[in-house]
DNA sequence: GCGGACATGTAAGGAGTTACATGATTGC
DNA sequence: GCAATCATGTAACTCCTTACATGTCCGC
């Protein structure tokens with residue numbers, strides 16, 4: 001993010017709450033810890049901006065050394081992310097230990113959250129589509145990450161509907 | 001997993017390499033550490049089985065206390081998993097620092113891995129479909145987690161194709 | 001008066017990874 | 001001869017979360 005534009009820790013935290021949060025996340029505590037670490041390593045620098053009414057802001061910017069480290073990382077293959085989905089553990093193991101109703105409710109709750117995420121991403125997509133062709137070209141790569149979010153959440157919701165249908169069928173068979 | 005059947009640490013590790021690995025993962029080191037911790041907490045017990053030709057096996061089984069702890073957790077709502085996908089960071093930030101060709105190659109590499117995962121999951125699905133109706137009913141919930149894997153990987157691959165198409169178009173526009 | 005946005009952190013601990021360590025058997 | 005499978009672990013470290021800590025301004 002700092003390679004795109006300088007920012008304060010607070011602003012970076014806000015970005016994680018927005019669209020970027022779909023594929024990467026860090027709490028505000030972690031952001032401040034990592035900024036301190038990266039400053040120590042010489043990857044970023046900061047300027048303090050005094051404010052009279054609010055606390056001072058520390059505006060962080062990437063350094064050449066930081067940009068080099070980032071370039072090296074970008075050229076190094078990474079392993080695909082491994083998902084850890086506790087909800088699926090519940091479905092996998094829950095059978096004998098809790099009622100199907102409990103699992104259904106949890107599924108519905110998660111479905112609602114994913115639907116909300118999807119709605120947010122679709123709004124961002126509409127904003128993108130209203131931009132000029134030149135702007136769209138400039139934002140092509142971030143747009144692809146947005147598309148990953150949209151297709152991923154859509155698939156999640158479709159699966160949840162499939163799963164909920166299967167569970168309610170089972171319930172009707174053996175009441 | 002131990003709530004389904006007793007197992008050794010090695011066997012649990014193997015399960016993570018199989019279908020379960022799609023939604024949860026633990027290295028063999030972590031498995032042994034967690035088994036030791038859970039034995040200390042009284043959630044699991046083990047019997048040592050001597051073997052003359054190979055190292056002794058420790059067969060772990062869940063205890064009542066462990067089953068209670070699991071039930072409690074199953075009834076507690078969990079937060080949806082947050083993904084951390086380094087590949088998307090690369091797309092998001094890579095634009096100015098590496099060539100599109102590097103990103104395309106990384107995308108293709110990941111696509112191949114996801115395709116391999118999908119193929120494995122589809123084999124497991126075929127095995128499931130060849131079982132009797134009674135067996136299928138008994139395995140309904142684990143099957144739903146398998147379906148999540150299949151729909152999730154399918155969506156990932158479809159997105160990768162979309163992204164690769166967009167990137168190769170861009171290349172043709174400005175050679 | 002209260003909650004939320006703005007703005008920054010520290011401390012402790014739990015979760016997970018990487019490196020190290022050992023040793024037999026089986027198949028190419 | 002070498003890699004893979006079976007079978008177990010320890011030690012050190014990093015990554016990430018939870019809890020604690022402070023203070024102002026703005027709108028309802």
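Protein chains in written order, with full-length UniProt numbering: chain A, 1 to 175; chain B, 1 to 175.
Ideal Cβ placement from N, Cα and C applies to all residues, glycine included.
Linking residue 44 of chain A to residue 38 of chain B through their CA atoms gives a straight-line distance of about 42 Å. Using a CB distance cut-off of 8 Å, residue 50 of chain A does not count as an interface residue toward chain B. B/159 is the residue among B/159, B/49 and B/34 whose C-alpha sits nearest the C-alpha of residue 111 of chain B.
Between residue 19 of chain B and residue 146 of chain B, the C-beta gap is smaller than 8 Å, which places the two residues in contact.
Per the coordinates, the alpha-carbon of residue 60 of chain B lies some 53 Å from the alpha-carbon of residue 139 of chain A.
The Cβ-Cβ distance between residue 148 of chain A and residue 16 of chain A does not fall below 8 Å. The criterion of a C-beta distance shorter than 8 Å is satisfied by residue 84 of chain A and residue 25 of chain B.
Against chain B, the beta carbon of residue 42 of chain A has no neighbour under 9 Å; the closest one sits roughly 18 Å away. Taking 8 Å as the CB threshold, residue 102 of chain A lines the interface with chain B.
Of all alpha-carbon atoms in B/155, B/125, B/40 and B/115, the one lying nearest the alpha-carbon of residue 143 of chain B is that of B/125. Contact between residue 107 of chain B and residue 163 of chain B holds, with the beta-carbon distance rounding to 6 Å and staying under 8 Å. Rounded to whole angstroms, residue 9 of chain B and residue 58 of chain B show a C-alpha spacing of 7 Å.
By the rule that beta-carbons nearer than 8 Å mark a contact, residue 17 of chain B does not touch chain A. Interface criterion not met: the Cβ of residue 6 of chain B is under 8 Å from no Cβ in chain A.
If one requires a minimum length of 3 residues, the beta strand (DSSP E) runs lying completely within the UniProt domain "Transcription regulator PadR N-terminal" (2–71) of chain B are 44–49 and 57–62, in chain order. Residue 169 of chain A counts as exposed, since fewer than 16 other C-beta atoms from the protein chains shown sit within 10 angstroms of its C-beta. Contact between residue 104 of chain A and residue 167 of chain A holds, with the beta-carbon distance rounding to 5 Å and staying under 8 Å. Here DSSP, grouped into helix, strand and coil, assigns residue 134 of chain A to helix. For residue 84 of chain A, a Cβ of chain B is located within less than 8 Å of the residue's own Cβ. Note that the C-beta distance between residue 102 of chain A and residue 81 of chain B is not below 8 Å. Listed in chain order, the positions of the segment 60–74 of chain B with a beta carbon within less than 8 Å of a beta carbon of chain A are 67, 70, 71 and 74. Inter-residue distance for residue 69 of chain B and residue 150 of chain B is about 30 Å (C-alpha atoms, whole angstroms). Across the structure, residue 118 of chain A and residue 55 of chain B are spaced so that their CA atoms are roughly 51 Å apart. For the C-beta of residue 30 of chain B, not a single chain A residue is nearer than 7 Å; the gap to the nearest is close to 12 Å.
A direct Cα-Cα distance of roughly 19 Å separates residue 72 of chain B from residue 5 of chain B. Think of a sphere of 7 Å around the beta carbon of residue 166 of chain B: the chain A residues whose beta carbon falls inside it are 140 and 144, in chain order.
Against chain A, the CB of residue 36 of chain B has no partner CB under 8 Å away; the residue lies outside that interface.
When Cβ-Cβ separations below 8 Å define contact, residue 88 of chain B makes contact with chain A. The C-beta of residue 152 of chain B comes closer than 8 Å to at least one C-beta of chain A. Annotation: Cβ neighbours of residue 113 of chain A in chain B (cutoff 9 Å, chain order): 79 and 80.
As summarised for the UniProt domain "Transcription regulator PadR C-terminal" (84–167) of chain B, the continuous alpha helix (DSSP H) elements at least 4 residues long and confined to that stretch are 86–94, 100–129 and 133–138, given in chain order. Taking a Cβ-Cβ threshold of 8 Å, the residues of chain A close to residue 106 of chain B are 77 and 78, in chain order. Residue 62 of chain A is classed as buried because its beta carbon has at least 16 other beta carbons within 10 Å across all chains shown. For residue 162 of chain B, the chain A residues whose C-beta falls within less than 7 Å of its own C-beta are 147, listed in chain order. When 8 Å is used as the limit between beta carbons, residue 94 of chain A is near these residues of chain B: 74 and 141, in chain order. In this structure residue 13 of chain A is in contact with residue 31 of chain A, their Cβ atoms being roughly 5 Å apart against a cut-off of 8 Å.
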